[in-house]
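Some notes on the structure that comes next.
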């Protein structure tokens, strides 16, 4: 077995961080994975300076998409929302610590895309 | 099945650097025996020409091969050659049929499908109803995902113009009593449309005995190449329906004020068809008949599927979908693993060189019925073996120890 399912990812899958709906979120965005139909919703509190003070997510999915969402919420906290919306697949691969195949790329960026949808809807 | 049958398939010979490939995604795509590849190559290297007008030698040979392929397909499903329209696949067949039948559905009419359909036998009819102001009725399923004939009977009304039903579920392997459904449709004066994508490659199909008006299937799911499919239409239906595409090869006369159409099936085959595909499909049918025929293939697959169901069913983390008995199911097994997403199951199995399908299988209404996002599906064909089943079950146990261990 290669390390796609190494402990780092399985840990985030089994015990996802920030998996709840933030109350009074400034940003709510969702996205569906066309590959499998999995849905994810991202929530964020963003202060007057455009800094993400809290981020959370809700949704069911595979180990990759759930671990990615969990890692993404930790990563985004304290950073600028307009920078976080530009997180790329490569950035997510770095967070996950593994490269993902063309088929699973959607899983790795599902949370980012949901955040971006929310950003475009709520903040543009 | 002949024990060394995999040696007929170059793809299985090409895998040497890892564990032998266990290919269990046959409901999506099947592999091609060298006989089929050779027939296609021969067309491309010895007599490639269009089929419409070449008087020259290879042009004539191409026409003969193409029309002979039509005759082979017709015989295979008990039809006449004039009732066989070549398309690019089941999806294309059904979409084309939707356009052909558009004018026969009016406001207030009804089209019926079932809750187990593939999206390609669902959305075209939903769209047709939207466009024509007709009612789109989805037959509800029983808890095990099967169809009740009583519900089919009671749903029909004087307004029902079309019923479109799959012969075999591509998710659970459930075999529908399409003969009875077609009989009910005939009694009510509605068109019966059968999606045969999962039946024609695996079991005996006789469209006359079935009594359907239309029957669609794909070449690439029955040892043929991609891009070739079939729409069977009863002669009297094809005669009165209008074509959905226009151009070369489908006309009788063209004048500046009006054009008229050739007889079926040419009327429905505008433009250059997939000639090599048709030739490859016919060769696939010959191959299937030479290795024992569909009855033998069906028995072999059902045996493997029953074994897989039994072995997987004895694992406590596994949930199986579909009917419990193996009499009314084909060689398809769908399951989920408690606490593991289907894509993760498939990904771990892929690392053992086991190819299964995971996800909603283009059957979201059925997934909603079961209340799940997707399943893992193993679908068998003539070249699969008991060793393949053993490897699958072993792989599933590895997934469990990885995620639950």
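Residue numbers (the numbering used here), protein chains in the order written: chain E, 2 to 125; chain W, -17 to 387. Backbone N, C-alpha and C fix where the C-beta goes; we use that ideal spot for every residue, glycine too. Keep in mind it's a predicted model, so treat the numbers as computed, not measured.
| said: Rounding to the nearest angstrom, what Cα-Cα distance links residue 210 of chain W and residue 50 of chain E in this structure? | reply: 58 Å
| task | Starting from the C-beta of residue 90 of chain W, find all residues in its chain whose C-beta is less than 8 Å away, skip the five residues before and the five after it, and write them out in chain order. | result | For residue 90 of chain W, the CB contacts under 8 Å within the same chain, skipping 5 residues up- and downstream, are 115, 116, 117, 141 in chain order.
| request: Check each candidate in W:157, W:81, W:2 and name the one with the smallest Cα separation from residue 306 of chain W. | output: W:157
| query | At a cut of 8 Å, does the region 270 to 286 of chain W reach the region 63 to 73 of chain W through at least three beta carbon pairs? | reply | No, the region 270 to 286 of chain W does not touch the region 63 to 73 of chain W.
| said: Taking beta-carbon pairs under 8 Å, can you tell me which members of the region 327 to 345 of chain W lie near chain E? | reply: 329, 330, 333, 340, 341, 342
| message | Would you say residue 83 of chain E lies against chain C (beta-carbon separation less than 8 Å)? | response | Looking for chain C here will not work: the only protein chains present are E and W.
| query | If you draw a straight line from the C-alpha of residue 2 of chain E to the C-alpha of residue 49 of chain W, how long is it? | reply | Unreliable positioning characterises residue 2 of chain E in this predicted model, as indicated by a pLDDT of 47, which lies under 50. The coordinate reading is nonetheless provided below. About 51 Å.
| request: Express the C-alpha separation of residue 104 of chain W and residue 163 of chain W in angstroms, rounding to a whole number. | output: 17 Å
| task | Put residue 71 of chain W into one of helix, strand or coil per three-state DSSP. | result | coil
| field | Residue burial classification, residue 263 of chain W (beta-carbon count within 10 angstroms, cutoff 16) | value | buried
| message | Which same chain residues end up closer than 7 Å to residue 76 of chain E when comparing Cβ atoms and leaving out the 5 residues on each side of it in sequence? | response | 96
| Coil, strand or helix - residue 2 of chain E by DSSP | Any reading at residue 2 of chain E must be qualified, since the residue scores a pLDDT of 47, below 50, and its modelled position is unreliable; the value itself is stated next. Looking at residue 2 of chain E - three-state DSSP - the assignment turns out to be coil, as it is neither helix nor strand.
| task | Give me whichever residues DSSP pairs with residue 57 of chain E in a beta bridge. | result | Beta-bridge pairing links residue 57 of chain E to E:44.
| Shorter than 8 Å from the beta carbon of residue 127 of chain W to some beta carbon of chain E? | no
| First and last residue of the uninterrupted alpha helix (DSSP H) at residue 26 of chain W | It spans 16 to 28 - the alpha helix (DSSP H) in which residue 26 of chain W sits, taken as one unbroken run.
| request: Tell me where the alpha helix (DSSP H) around residue 275 of chain W begins and ends. | output: 275 to 295
| Cβ of residue 72 of chain E within 8 Å of Cβ of residue 44 of chain E? | no
| said: Short of 8 Å in beta carbon distance, which residues of its chain neighbour residue 311 of chain W, apart from the five on each side in sequence? Order them along the chain. | reply: 154, 155, 156, 157, 284, 287, 304, 305
| query | From the beta carbon of residue 323 of chain W, is the nearest beta carbon of chain E less than 8 Å away? | reply | It does: the Cβ of residue 323 of chain W has a partner Cβ on chain E nearer than 8 Å.
| Own chain partners of residue 369 of chain W with C-beta closer than 6 Å, once the 5 adjacent residues on each side are dropped | Result list for residue 369 of chain W: empty, nothing under 6 Å.
| CA-CA distance, residue 27 of chain W and residue 41 of chain W? | 13 Å
| field | residue 186 of chain W (DSSP reduced to helix, strand or coil) | value | coil
| task | Give the straight-line distance between the Cα atoms of residue 248 of chain W and residue 34 of chain W, rounded to the nearest whole angstrom. | result | 10 Å
| message | Against residue 32 of chain E, what residues of chain W qualify as contacts under a CB-to-CB distance less than 7 Å, listed in chain order? | response | Under the 7 Å cutoff, chain W gives no residues; its nearest Cβ is about 14 Å from residue 32 of chain E.
| Bridge partner(s) assigned by DSSP for residue 146 of chain W | Paired residues: W:95, W:175.
| task | Check residue 111 of chain E in the structure and name its three-state DSSP category. | result | helix
| request: Can you tell me which of the three DSSP states residue 62 of chain E falls into? | output: coil
| Taking the C-alpha atoms as reference points, what is the distance between residue 81 of chain E and residue 52 of chain E? | 4 Å
| message | When you compare the CB positions of residue 133 of chain W and residue 172 of chain W, do they come within less than 8 Å of one another, or not? | response | no
| field | Assigned exposure category for residue 364 of chain W - 16 Cβ within 10 Å defines buried | value | buried
| query | Near residue 302 of chain W, which residues of its chain fall below 8 Å by C-beta distance, leaving aside the five closest residues on each side in sequence? | reply | Here the set comprises 291, 294, 295, 315, 316, 317.
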